[in-house]
Amino acid sequence: MRMINASVPEIVREIITQNRSIYDCLKMDVINYTALAVKIQPEV
């Protein structure tokens, strides 16, 4: 979901908050940030 005139951080925040499993992993500090970036890059 692309937001018109939204910044990259805003779009990434939206993706993360809409995906509960990603959000939970971030909160537990058990996520590989590089792998996450590769996974969500097409959506950004």
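Those letters in the sequence shown? Residues 1 to 44, per the UniProt record's numbering, in order.
Backbone N, C-alpha and C fix where the C-beta goes; we use that ideal spot for every residue, glycine too.
Worksheet item: Under the three-state reduction of DSSP, which class applies to I4: helix, strand or coil?
Response: Taking the first residue of the sequence shown as 1, we reach residue 4 at position 4. Coil.
Fill in: Beta carbon of L26 nearer than 8 Å to that of I40
Counting from one through the sequence shown, the residue named residue 26 turns up at place 26. Counting from one through the sequence shown, the residue named residue 40 turns up at place 40. No, these two residues do not count as a Cβ contact at 8 Å.
Worksheet item: A35 to N19, Cα distance in whole Å?
Response: Numbered from its first residue, the sequence shown carries residue 35 at position 35. Numbered from its first residue, the sequence shown carries residue 19 at position 19. Approximately 15 Å between the Cα atoms of the pair.
Fill in: Distance between beta carbons of V12 and V44, contact taken as under 8 Å
Along the sequence shown, one-based indexing puts residue 44 at 44. Along the sequence shown, one-based indexing puts residue 12 at 12. V44 to V12, Cβ: 6 Å. Contact.
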